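Protein chains in written order, with our numbering: chain L, 238 to 564; chain A, 238 to 564.
Data first, discussion second: the structure below is written as structure tokens.
2 protein chains.
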Amino acid sequence: MTLSTRLTRLLGIERPIMLAAMDKLADARLTEAVSAAGGFGILGGGYGDPEWLEAESAKLVAMRERTGLRFGIGFITWSMAKQPRLMDIAIAAKPDALWLSFGDPSPFAERARAAGIKVICQVQTVEMARDAVAKGADIVVAQGSEAGGHGGSRGTFALVPAVVDAVGDKAVVVASGGVADGRGLAAAMMLGAEGVVLGSRFFASQEAAADDSAKQRITEASGDDTVRSIIFDISRKNIWPAPFTGRCVINEHAKRWMGRELELTRHMAEEGPRYEAARAAGDYDIAALIAGEAVSMIHDVPPAGEIVRNITEQAEAMLARGQGWRG
Amino acid sequence: MTLSTRLTRLLGIERPIMLAAMDKLADARLTEAVSAAGGFGILGGGYGDPEWLEAESAKLVAMRERTGLRFGIGFITWSMAKQPRLMDIAIAAKPDALWLSFGDPSPFAERARAAGIKVICQVQTVEMARDAVAKGADIVVAQGSEAGGHGGSRGTFALVPAVVDAVGDKAVVVASGGVADGRGLAAAMMLGAEGVVLGSRFFASQEAAADDSAKQRITEASGDDTVRSIIFDISRKNIWPAPFTGRCVINEHAKRWMGRELELTRHMAEEGPRYEAARAAGDYDIAALIAGEAVSMIHDVPPAGEIVRNITEQAEAMLARGQGWRG
Numbered sequence: 238m239t240l241s242t243r244l245t246r247l248l249g250i251e252r253p254i255m256l257a258a259m260d261k262l263a264d265a266r267l268t269e270a271v272s273a274a275g276g277f278g279i280l281g282g283g284y285g286d287p288e289w290l291e292a293e294s295a296k297l298v299a300m301r302e303r304t305g306l307r308f309g310i311g312f313i314t315w316s317m318a319k320q321p322r323l324m325d326i327a328i329a330a331k332p333d334a335l336w337l338s339f340g341d342p343s344p345f346a347e348r349a350r351a352a353g354i355k356v357i358c359q360v361q362t363v364e365m366a367r368d369a370v371a372k373g374a375d376i377v378v379a380q381g382s383e384a385g386g387h388g389g390s391r392g393t394f395a396l397v398p399a400v401v402d403a404v405g406d407k408a409v410v411v412a413s414g415g416v417a418d419g420r421g422l423a424a425a426m427m428l429g430a431e432g433v434v435l436g437s438r439f440f441a442s443q444e445a446a447a448d449d450s451a452k453q454r455i456t457e458a459s460g461d462d463t464v465r466s467i468i469f470d471i472s473r474k475n476i477w478p479a480p481f482t483g484r485c486v487i488n489e490h491a492k493r494w495m496g497r498e499l500e501l502t503r504h505m506a507e508e509g510p511r512y513e514a515a516r517a518a519g520d521y522d523i524a525a526l527i528a529g530e531a532v533s534m535i536h537d538v539p540p541a542g543e544i545v546r547n548i549t550e551q552a553e554a555m556l557a558r559g560q561g562w563r564g
Numbered sequence: 238m239t240l241s242t243r244l245t246r247l248l249g250i251e252r253p254i255m256l257a258a259m260d261k262l263a264d265a266r267l268t269e270a271v272s273a274a275g276g277f278g279i280l281g282g283g284y285g286d287p288e289w290l291e292a293e294s295a296k297l298v299a300m301r302e303r304t305g306l307r308f309g310i311g312f313i314t315w316s317m318a319k320q321p322r323l324m325d326i327a328i329a330a331k332p333d334a335l336w337l338s339f340g341d342p343s344p345f346a347e348r349a350r351a352a353g354i355k356v357i358c359q360v361q362t363v364e365m366a367r368d369a370v371a372k373g374a375d376i377v378v379a380q381g382s383e384a385g386g387h388g389g390s391r392g393t394f395a396l397v398p399a400v401v402d403a404v405g406d407k408a409v410v411v412a413s414g415g416v417a418d419g420r421g422l423a424a425a426m427m428l429g430a431e432g433v434v435l436g437s438r439f440f441a442s443q444e445a446a447a448d449d450s451a452k453q454r455i456t457e458a459s460g461d462d463t464v465r466s467i468i469f470d471i472s473r474k475n476i477w478p479a480p481f482t483g484r485c486v487i488n489e490h491a492k493r494w495m496g497r498e499l500e501l502t503r504h505m506a507e508e509g510p511r512y513e514a515a516r517a518a519g520d521y522d523i524a525a526l527i528a529g530e531a532v533s534m535i536h537d538v539p540p541a542g543e544i545v546r547n548i549t550e551q552a553e554a555m556l557a558r559g560q561g562w563r564g
């Protein structure tokens, strides 16, 4: 038995689990590992590095020729929009789906659909969900504030059913933010979602393109210890448009600057280089460890395929147990 | 068939649905309506008004003598701690459970347990859950940031399973924040909760002690339109200890002062009386309409008992359907 939902049928996959398109961290290796296990891997095109994107998507195309692999390519929409070439590279790879998050999907969604590519839009409010569907989204990812990295303020628990009520008749709704195990997948399905997106959980996988020390810290962190802020965006000189903020594990740098963001901007002559050096050295007392509240449920660093299989099996067991609550 | 969980068995109730102890809004009438339908009503002692508490608890005691009604009494712990007499009134009514939220439960939890009264502690983090259990909580309510009124920053979706993992072997865990229908109850159970607490949903019930115009506004609001802030606490001169903030529907007053909280404190000579007048007149363009992100799923103002029954039945149907997701 595997779970069959509108998501699995639309994408032609076996398990309703998607890899969050985490910038560079979700490279061809991690994307392939998730897809090979029956989930849906999405290459993390992120802000957009054409050389990286070309090289990583070429690997996926080569794998597809050998194995029939299915995969997506994902972008931070407002950033990708500044480099039209990125869209050419993505379309040329003929992914099964294009992931667009944070920004107006209009021109890109149309172009993808014209090329026979499904459109996934990640949204943070009900209004954004309506807009995404009007602009051609086949799949709407309702991302709750629990998520690691950039996101909004609404929580997953009330956002998912509200998005289902608003657009569920026109698009497939998927839950993102706070999901790390089979309980989360089963709960998301009860809320009306057809699958889940996992970020932090795949960050702490063997194949993720990240430092072992970062993965180790995720396994040790509590969800109590994360915060949404703009400290890290200021520190790396990567200012995002409102209303988005980025969730990270609270570290020394965050403790030092929380509530003093304006002051931080005035100290960037020293703090900028200090932050860059920490990133280069993998010093996560200063550099951001981007992860969500679901870290509470992450205690190991297994192969990504094992994560896909275990979560599905745990969810199946939870759903089967649903019949058991009888008076 | 009704749902049987550790919560229903511990409290001797039929349906795993609790009324949030909303200050004065959850009076004897609403408490009785929830309990009479098989849920667990909790009188909203809130900040603590001895005369009100004595009168309302006397009504519940009288009903219990006639019908065997089960009920709880709830307090905002840090506020109740300033008036020891409130605890005497509550104990004298011999409720089945005492609800303590926001503050150190220690002395009150011990006294309740000594009187054979179960202790419910609402918490906003995993650490607070551990502390509550160490201090004698029988039931831990994991309250996500989606909730209306005062609360913390962690979302329900990742908080509930983390609290279950931390204290689920020692206490019964219940989910609060973002729940308004049977999907929410079913999802909470998948996350490991043994029941749910509803606030906004019972606010928009016929029995809630609130203006009809306030209830109507809840049925019209979107979860996108709520915000956690301290604007209303400043405006009514009721400053809470950090880290708690209050979620309300965004209205004209909130739009005017969001991001300008410090400035608001300097304008209280005019804004304070203006706010008080609006509260007295039921003008919710200025006065806070305290509600959570679940308002997206609230479209009517039914009797509270109907809410209890409908949510349970919808959850039962969702859980039964759990078997249906097969490939």
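Glycine included, every Cβ here is placed at the ideal spot set by N, Cα and C.
Predicted model, so just to flag it, every value in this text is computed and none were measured.
- Counting only unbroken stretches of 4 or more residues, the alpha helix (DSSP H) elements lying wholly within the region 387-428 of chain L are 393-404 and 419-427, in sequence order.
- Under the Cβ distance rule, F394 (chain L) counts among the residues neighbouring chain A, one pair being separated by less than 7 Å.
- Residue pairing by DSSP places V486 (chain L) opposite L:T463 in a beta bridge.
- In the three-state reduction of the DSSP assignment, M255 (chain L) falls in the strand class, which pools E and B.
- In the three-state scheme derived from DSSP, where H, G and I count as helix and E and B as strand, W477 (chain A) is classed as coil.
- Boundaries of the alpha helix (DSSP H) harbouring I468 (chain L): I468 to S472, taken from the DSSP string.
- One finds G392 and F394 in chain L with Cβ atoms closer than 7 Å to the Cβ of G381 (chain A), taken in chain order.
- Taking every protein chain shown into account, the CB of N475 (chain L) has fewer than 16 other CB atoms within 10 angstroms, so this residue is exposed.
- E489 (chain L) and I527 (chain L) do not touch by the CB rule: their CB atoms are close to 16 Å apart, not below 8 Å.
- Between A384 (chain A) and S413 (chain A), the beta carbon gap of about 6 Å places them in contact (Cβ cut-off 8 Å).
- Looking from the CA of P321 (chain L), the closest CA among L:W494, L:F345, L:R246 and L:T304 belongs to L:F345.
- When C-beta distances to chain A are compared with 7 Å, the residues of the region 353-364 of chain L below that value are T362, V363 and E364, in chain order.
- Closest in C-alpha terms to D325 (chain A), from the list A:G305, A:A257 and A:S294, comes A:S294.
- Judged by DSSP in its simplified three-state form, G509 (chain A) adopts helix.
- If you compare the alpha carbons of L:A334, L:P480 and L:S472 with that of R503 (chain L), the shortest gap goes to L:S472.
- Residue contact check for M505 (chain A) against chain L: no CB pair falls below 7 Å.
- When C-beta atoms of the region 362-371 of chain A are compared with those of the region 501-518 of chain L, fewer than three pairs fall below 8 Å, so the two segments do not count as touching.
- Legend: CB atoms of the region 439-456 of chain A lying less than 9 Å from CB atoms of chain L are not found in any residue.
- In the displayed model, L262 (chain L) falls within coil according to three-state DSSP, outside both helix and strand.
- Not a single C-beta of chain L is nearer than 7 Å to the C-beta of A479 (chain A).
- Residues L422, A425, V433, L435 and A531 of the same chain have their beta carbon placed closer than 7 Å to that of V416 (chain A), with the five preceding and five following residues left out of the count.
- Residues of the region 514-544 of chain A whose Cβ lies closer than 8 Å to any Cβ of chain L, in chain order: G529, E530, A531, S533 and M534.
- Under the Cβ distance rule, A399 (chain A) counts among the residues neighbouring chain L, one pair being separated by less than 7 Å.
- The residue from L:P540, L:S466 and L:M555 with its alpha-carbon nearest to that of A274 (chain L) is L:P540.
- Taking each of A:A446, A:E269 and A:G389 in turn and checking the Cα distance to R303 (chain A), the smallest one comes out for A:E269.
- The three-state reading of DSSP puts K331 (chain A) in coil, since its state is none of H, G, I, E or B.
- Only buried fits P332 (chain A), as 16 or more other CB atoms lie within 10 angstroms of its CB.
- Contact annotation: the region 453-463 of chain A touches the region 351-365 of chain L, with at least three C-beta pairs closer than 8 Å.
- Two segments are said to touch when three or more pairs of C-beta atoms, one from each, lie closer than 8 Å; by this definition the region 480-496 of chain A does not touch the region 396-404 of chain A.
- Classified as exposed, M495 (chain L) has fewer than 16 neighbouring CB atoms from the shown chains inside 10 Å of its CB.
- In this structure, the beta-carbon distance from A374 (chain A) to A408 (chain A) falls below 7 Å.
- For V363 (chain A), the enclosing alpha helix (DSSP H) stretches over residues V363 to A371.
- With contact defined as three or more Cβ pairs closer than 8 Å, the region 546-554 of chain L and the region 238-247 of chain A are not in contact.
- Annotation for Q443 (chain L): no alpha helix (DSSP H) segment contains it, and DSSP assigns it neither H nor E.
- For Q359 (chain L), the secondary structure class from DSSP, reduced to helix, strand or coil, is strand.
- D461 (chain L) has a beta carbon lying within less than 7 Å of a beta carbon in chain A.
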